[in-house]
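Structure first, then comments.
Protein chains in written order, with our numbering: chain S, 16 to 289; chain X, 156 to 289.
In structure tokens:
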């Protein structure tokens, strides 16, 4: 059966509380998931007090501030700090997003609250966890091996049988427009890890990110393997585990709509069968 | 968010490719939508038929079902609803039941149940429709 509760070795305990720096007046509390594969202990939640007068406005700024000034052992991925590399994807106050483009105030805003999940603490703490339902490597770093393998499985490159032209493969501006809203994906995994269908069947369901990319190549007028691509997706699990839950579209920090792309693939499947 | 070490040393690519695409799914998807749309219309007719029976004595209710148009609507409703029910439940089982044995048992029971419900309803409507209960 699908596993709805955490196994014993994953149940989260209370961790260490790091005090606010002396003289800090504008303090924001963060509760952050910590897990170290080397100490054999269960995960814990550490509490940090961040001096906002000494820190940038984004959640990633706060994490870097903590790592630099409070606890150098806190582990997270980050690179571009401007929403294009997808490295700092994590779960903040119940919402998957990029820490670099999620403002601390925005994260606390009631508009950002996950419905039916009032997780706000009395001290206004912001809770930060790794992306849901992925194996954790350490702290906020999830193991995305399966996610990347699924992306590779849809063969995200131009496939043609016609001999390559002397210059580029040509495409009308109208056909090029069809790729808008698809090519912008940065593979941060916010959508895929927010999808309940992926949680229960992530071994076989390709997930929203891989399927969005699959559609990006299906709809590309230059590609000559559309039928073979559809054949590879024609499966109750690879494609049809999507039940249009729409968490993917809500989670996407680039405002893309994987659910719509998946619906378009399903339409293509019916179109060639009926 | 537990540490999950794979019991297999197969490559991630091999694990994702698994047994390959089954080549099924489009028909299941299409028929589920088709029966869903059919159910919308048939259920309206079904509710009207049941409402018309309201407060009437048994022989009149039987006579209503025995009318050809009513009997045909009820037959279509049973066929469409039980196909839709079976397909929908199949999706739920595939979503949540992962043990191979339990999954096959549940899928088999689901089909048997849908066929049994359909057979019982069809038998009843045909019997009434052909005047067997008057």
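For every residue, glycine included, the Cβ atom is placed at its ideal position computed from N, Cα and C.
Using beta carbons (cut-off 8 Å, strictly below), is residue 215 (chain S) in contact with chain X? Cβ-Cβ to chain X under 8 Å: yes for residue 215 (chain S).
Here's a check: name, in chain order, each residue in its chain whose Cβ is nearer than 7 Å to the Cβ of residue 220 (chain S), leaving out the five neighbours to either side.
212, 213, 252, 253, 256.
At the level of alpha carbons, what is the spacing between residue 215 (chain X) and residue 208 (chain X)?
Computed Cα separation, rounded: 8 Å.
_Nearest-angstrom Cβ-Cβ length linking residue 151 (chain S) and residue 50 (chain S), presumed shorter than 8 Å_ = Taking a contact as a CB-CB distance under 8 Å, the pair residue 151 (chain S) and residue 50 (chain S) counts as one, their CB atoms being some 5 Å apart.
| message | When you compare the CB of residue 260 (chain X) with every CB in chain S, is at least one pair closer than 8 Å? | response | By the rule that beta-carbons nearer than 8 Å mark a contact, residue 260 (chain X) does not touch chain S.
Amino acids of chain B, ordered along the chain, whose beta-carbon sits closer than 8 Å to that of residue 230 (chain S)
Absent from the structure: chain B. Protein chains present are S and X.
Requested in this report: Consider the Cβ of residue 158 (chain X): report whether some Cβ of chain S lies at a distance smaller than 8 Å.
Outcome: Bear in mind that a pLDDT of 41 at residue 158 (chain X), under 50, signals an unreliable position, so the model cannot answer this.
Handout entry: DSSP-derived helix/strand/coil call for residue 157 (chain X)
Key = Annotation note: pLDDT 40 at residue 157 (chain X) (below 50); position unreliable, no value reported.
**Asked** With 16 as the cutoff for other CB atoms within 10 Å, does residue 185 (chain S) come out buried or exposed?
**Response** Answer is exposed; the Cβ neighbour count stays below 16.
In terms of alpha-carbon separation, which member of S:72, S:68, S:45 lies closest to residue 89 (chain S)?
-> Considering only alpha carbons, the answer is S:45.
Next on the checklist: Tell me which residues share the same chain as residue 174 (chain X) and place their Cβ nearer than 8 Å to its Cβ, disregarding the 5 neighbours each side in the sequence.
Outcome noted: Annotation for residue 174 (chain X): no residue places its beta carbon closer than 8 Å to its own, counting only its chain and skipping 5 residues before and after.
- Query: Do we get a CB-CB distance below 8 Å when we pair residue 239 (chain X) with the residues of chain S?
  - Reply: False, the Cβ-Cβ gap to chain S never drops below 8 Å.
- Taking the alpha-carbon positions, what's the residue 160 (chain X) to residue 149 (chain S) distance? Bear in mind that a pLDDT of 49 at residue 160 (chain X), under 50, signals an unreliable position, so the number given afterwards is only what the model happens to contain. Taking the straight line from one Cα to the other gives about 11 Å.
Notebook entry, point to check: Got a sec? Which residues, its chain only, sit under 6 Å from residue 17 (chain S) by beta carbon, not counting five neighbours each side?
Noted result: Closer than 6 Å at the Cβ level, and outside the excluded window around residue 17 (chain S), lie 215.
Please name the residue in X:178, X:284, X:248 whose C-alpha comes closest to that of residue 259 (chain X).
-> The residue with the shortest Cα to Cα distance from residue 259 (chain X) is X:248.
query = With respect to the beta strand (DSSP E) encompassing residue 326 (chain S), which residues constitute its N-terminal and C-terminal limits?
reply = There is simply no residue 326 (chain S) to check, as chain S begins at 16 and stops at 289 in what is shown.
### Message
Shorter than 7 Å, the distance from the beta carbon of residue 18 (chain S) to the closest heavy atom of the ligand FAD, or not?
### Response
The ligand FAD is absent from the structure shown, which contains no ligands of any kind.
Of the residues that make up the segment 188-202 of chain X, which ones have a beta carbon closer than 9 Å to any beta carbon in chain S? Of all residues in the segment 188-202 of chain X, those with a C-beta nearer than 9 Å to a C-beta of chain S are 188, reading in chain order.
Counted within 10 angstroms of its Cβ, other Cβ atoms place residue 209 (chain S) as buried (16 or more) or exposed = With 16 or more Cβ atoms within 10 Å of its Cβ, residue 209 (chain S) is classed as buried.
Practice prompt. Would you kindly work out how many angstroms separate the C-alpha atoms of residue 41 (chain S) and residue 67 (chain S), rounded to a whole number?
Written response: Using only the alpha carbons, I get a separation of about 6 Å.
As a quick exercise: from S:268, S:33, S:280, S:140, pick the residue whose alpha carbon is nearest that of residue 105 (chain S). Its Cα nearest to that of residue 105 (chain S), the residue S:268 stands out among S:268, S:33, S:280, S:140.
#### Entry: Proximal chain S residues relative to residue 177 (chain X), where beta-carbon distance stays under 9 Å
Neighbours of residue 177 (chain X) in chain S, taken as residues whose beta carbon is under 9 Å from its own, are 249, 250, 251, 252, 253 in chain order.
query = What separation, rounded to the nearest whole angstrom, lies between the Cα atoms of residue 261 (chain S) and residue 213 (chain X)?
reply = Cα to Cα, the separation comes out at about 48 Å.
**Report entry** Cβ of residue 168 (chain X) within 8 Å of any chain S Cβ
**Finding:** Cβ-Cβ to chain S under 8 Å: yes for residue 168 (chain X).
Q. When the Cα of residue 101 (chain S) is compared with those of S:249, S:174, S:55, S:266, which residue comes out closest?
A. That would be S:266, whose Cα lies nearest to the Cα of residue 101 (chain S).
If we call anything under 8 Å between Cβ atoms a contact, is residue 194 (chain S) one with residue 231 (chain S)?
-> Their beta carbons are under 8 Å apart, which means residue 194 (chain S) touches residue 231 (chain S) by this criterion.
Margin query: Determine, for residue 161 (chain S), whether the minimum Cβ-Cβ distance to residues of chain X falls below 8 Å.
Written below: Among the CB atoms of chain X, one or more fall inside 8 Å of the CB of residue 161 (chain S).
What three-state label does DSSP hand residue 149 (chain X) in the structure shown?
Outside the shown range of chain X, which is 156 to 289, sits residue 149 (chain X), and nothing can be said about it.
Q. Helix, strand or coil: how does DSSP classify residue 259 (chain X) here?
A. Residue 259 (chain X): helix per DSSP, three-state reduction.
- [ ] Buried or exposed for residue 267 (chain X), please, with buried defined as at least 16 other CB atoms from any protein chain shown within 10 angstroms of its CB.
- [x] With fewer than 16 other Cβ atoms within 10 Å, it is exposed.
> Using the beta-carbon count (16 or more within 10 Å), is residue 180 (chain S) buried or exposed?
Replying inline: When all chains shown are included, residue 180 (chain S) counts as exposed.
Worksheet item: Since residue 45 (chain S) sits in a beta bridge, which residues does DSSP pair it with?
Response: Looking at the DSSP assignment, residue 45 (chain S) forms a beta bridge with S:63, S:141.
Tell me, please, whether the CB atom of residue 185 (chain X) is closer than 8 Å to any CB atom in chain S? Output row for residue 185 (chain X): interface = yes.
Per DSSP, residue 222 (chain X) is paired with what? Partner(s): none; residue 222 (chain X) has no beta bridge.
Alpha carbon to alpha carbon, what distance is there between residue 103 (chain S) and residue 94 (chain S)?
-> Going by the C-alpha atoms only, they are around 7 Å apart.
message: Can you confirm whether residue 181 (chain X), when its beta carbon is compared against all beta carbons of chain S, has any partner nearer than 8 Å?
response: Residue 181 (chain X) belongs to the set of residues whose beta carbon lies under 8 Å from a beta carbon in chain S.
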